[in-house]
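Numbered per mature numbering (1 follows the signal peptide of the UniProt record, and there is no 0), the sequence shown spans residues -26 to -1, 1 to 371.
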Amino acid sequence: MLMLTSCNLLFALAVFLLLHHHTSLAKFPSISTDEAALLALKSHISVDPNNILATNWSSSSPVCSWIGITCNSRHHRIAALDISSMQFHGTIPPHLGNLSFLTSLIISNNNFHGEFPEELAHLQRLKMFRCSKNNFTGAIPSFLSLLSNLRFVYLFGNQFFGGIPSSRSNLTQLKELSMSGNYLEGEIPRELGDICYMTILDLQDNKLRGPIPPSIFNITTMQTIALSKNNLTGKFPTTICDHLPNLEGLYISENILDGIIPPNLEKCIKLQILSLSNNDFTGTVPRELGNLTSLTGLALGGQHLEGEIPQELGALRYLTSLYLQENQLTGSIPPSIFNITTMEKIILTSNNLTGKLPTTICDHLPDLEVLAISNNYLDGVIPPNLEKCRKLDIVQK
């Protein structure tokens, strides 16, 4: 009797474990869960002009072979979803939050609209989130601050409004953040300066106001700071480049910044583009800018700058465009400017420049396309030598 009872117990235990195993499998997500999420997305797409999903996303074929889908080899789960530039119209269903192994979500350059469902907060493995160039509305999704593995966030070219969420403490691994071309308001959160591995910050073409947080200029990994076309005010910190050894692009044109252009900019030794046009800067053009030997574009037009154009700018041997128009610059144009063989555009209109153009003006400008020097006080003759600038299309004298 004891042996029979033991056998019965063992049998009952085996049945229990088997049932528990199948029940557990039903509870845990699988590739079937991923397939259901994608079919939900398909049902939320109202326009598919090229019938991409109609002919491809079907249960008759393995999910991992569907267009735009990449599965990982270890778990055989969906790791990447890329349906960019497919001209889709539709909304994003909450079911996408079930893609628990997703590391890359790219839906850019379509016509998706509406708001993002909060269920996307479950995508804890997500590293790339790219939804640029759509028609998404509402506030910046709050769930983004919960996705601690995010490296790349691209939200540009949508209709997001409201402020930039200040709670970014979880995004410690974020490298690139682009929110340009929206309707964002309020101030730039100082907490963005706590993201110590960021390389690109792009907040251009919004309605942001207030000062630029100094903490932004302390991120030593930063390569691009793009804040143009906002309503930002205040002054640059005089120590702006003390902690930016890797900065390559500084785009802050079309704001309301004032004060002087800091000579300290020379410490951003890798700077290639310096675009500060159409602000309220005063003072002179710092001669120290001539030490930025990697510079290809310098735009300081539309300010209240005085004094002479520093001859040191002639040392910028890779410069292709020089914009100093609509200032109050005086003196003659440094001849060294006309020795930069890479130069394509020289824009000096509407200043108080005097003197003559050098007779050898085009001896070293084989790529010059635009020479704009009207509304100044230049005299003398127009150099016949201009014919040597064979690519010259526009001359404003």
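No residue lacks a Cβ here, since even glycine has one placed at the ideal position from N, Cα and C.
Rounding to the nearest angstrom, what Cα-Cα distance links residue i and residue j in this structure?
| i | j | result |
| --- | --- | --- |
| Tyr351 | Pro340 | 26 Å |
| Val37 | Leu100 | 19 Å |
| Asn325 | Val369 | 16 Å |
| Cys105 | Asn349 | 45 Å |
| His278 | Gly305 | 16 Å |
| Leu70 | Ser58 | 16 Å |
| Ala201 | Leu177 | The amino acid at residue 201 is misidentified as Ala; the sequence shows Leu. About 5 Å. |
| Leu272 | Thr44 | 43 Å |
| Asn252 | Ser227 | 6 Å |
| Leu239 | Lys149 | 23 Å |
| Ser122 | Gln98 | 7 Å |
| Glu159 | Leu182 | 5 Å |
| Thr334 | Pro357 | 8 Å |
| Lys362 | Gly155 | 41 Å |
| Ala11 | Thr213 | 50 Å |
| His(-6) | Ser4 | With a pLDDT of 38 at His(-6), under the threshold of 50, the predicted position of this residue should be treated as unreliable, and no value is reported. |
| Asp353 | Pro308 | 15 Å |
| Met153 | Ser82 | 13 Å |
| Pro211 | Leu231 | 11 Å |
| Val21 | Leu13 | 15 Å |
| Arg145 | Gln61 | What sits at residue 145 in the sequence shown is Leu, not Arg. Distance between the alpha carbons of Leu145 and Gln61: 31 Å. |
| Gly184 | Tyr157 | 15 Å |
| Ser206 | Asp254 | Here residue 206 is Leu; the residue named in the question, Ser, does not match the sequence. Answer to the nearest angstrom: the Cα atoms are 11 Å apart. |
| Leu322 | Leu303 | 9 Å |
| Phe312 | Pro187 | 38 Å |
| Ile243 | Arg51 | 45 Å |
| Pro67 | His18 | 7 Å |
| Pro23 | Ile234 | 53 Å |
| Val355 | Leu366 | 18 Å |
| Lys107 | Asn25 | 21 Å |
| Met317 | Leu293 | 6 Å |
| Val344 | Leu360 | 12 Å |
| Arg48 | Ser74 | 14 Å |
Restricting to Cα atoms, I'd like to know which of the options is closest to residue i.
| i | options | result |
| --- | --- | --- |
| Glu89 | Gly64, Lys365, Leu73 and Phe75 | Gly64 |
| Thr315 | Asn301, Gly329, Ser34 and His338 | His338 |
| Asp168 | Gly160, Gly184, Glu361 and Thr194 | Thr194 |
| Cys170 | Gln147, Ile162, Gly160 and Asp176 | Gln147 |
| Leu118 | Ser140, Ser295, Ile234 and Gly329 | Ser140 |
| Glu92 | Phe110, Leu76, Pro115 and Asn85 | Pro115 |
| Pro260 | Pro185, Asp353 and Glu282 | Glu282 |
| Phe191 | Ile138, His217 and Thr212 | His217 |
| Ile225 | Glu262, Ile174, Ile243 and Gly257 | Going by the sequence as given, residue 225 is Tyr instead of Ile. With distances taken between Cα atoms, Tyr225 lies closest to Ile174. |
| Leu15 | Leu27, Ser6 and Ser4 | Leu27 |
| Lys319 | Asn301, Ala346 and Thr328 | Ala346 |
| Ser189 | Leu287, Ser33, Arg164 and Glu300 | Arg164 |
| Gln246 | Asn25, Thr198 and Leu79 | Thr198 |
| Ser33 | Glu9, Ile234, Pro23 and Asn24 | Glu9 |
| Asn301 | Arg48, Arg364 and Leu274 | Leu274 |
| Ile41 | Gly276, Lys365 and Leu55 | Leu55 |
| Gly288 | Glu280, Gly276 and Asn265 | Asn265 |
| Asn85 | Gln133, Val344 and Arg291 | Gln133 |
| Ser310 | Ser295, Leu290, Leu327 and Thr294 | Leu290 |
| Gly223 | Ser74, Asn229 and Leu250 | Leu250 |
| Phe130 | Leu120, Ile80 and Leu166 | Ile80 |
| Leu124 | Phe135, Leu151 and Gly136 | Leu151 |
If residue i and residue j are in contact, beta carbons under 8 Å, what's the gap, nearest whole angstrom?
| i | j | result |
| --- | --- | --- |
| Leu269 | Leu248 | 6 Å |
| Thr77 | Ala95 | Incorrect: roughly 15 Å between the Cβ atoms, too far for contact. |
| His87 | Phe110 | 7 Å |
| Asp179 | Lys203 | 4 Å |
| Thr7 | Asn72 | 5 Å |
| Met196 | Asn229 | Met196 to Asn229, Cβ: 18 Å. No contact. |
Which of the three DSSP states is assigned to residue i in this structure?
| i | result |
| --- | --- |
| Pro357 | coil |
| Phe134 | strand |
| Phe255 | strand |
| Ser152 | strand |
| Leu12 | helix |
| Ala28 | coil |
| Thr7 | helix |
| Ser268 | coil |
| His(-5) | Any reading at His(-5) needs caution, since the residue's pLDDT is 36, under 50, leaving its predicted position unreliable; the model's value is listed next. Of the three classes helix, strand and coil, the one that applies to His(-5) here is helix, per DSSP. |
| Leu145 | coil |
| Glu280 | strand |
| Asn238 | helix |
| Ser140 | coil |
| Leu327 | strand |
| Leu342 | coil |
| Ser119 | helix |
| Leu263 | helix |
| Ser249 | strand |
| Ser20 | strand |
For the ligand SAM, is there any heavy atom lying closer than 7 Å to the beta carbon of residue i?
| i | result |
| --- | --- |
| Ser310 | This structure does not include the ligand SAM; it has no bound ligands of any sort. |
Unbroken stretches of the beta strand (DSSP E), 3 residues or longer, contained in the region 31 to 106 | 43 to 45, 52 to 56, 78 to 80, 85 to 88 and 102 to 104
Which ranges would you report for the beta strand (DSSP E) in the region 286 to 320 if only whole runs of at least 3 residues count?
-> 295 to 297 and 302 to 305
Unbroken stretches of the beta strand (DSSP E), 3 residues or longer, contained in the region 154 to 229 = Runs of the beta strand (DSSP E) inside the region 154 to 229: 174 to 176, 198 to 200, 205 to 209 and 223 to 225.
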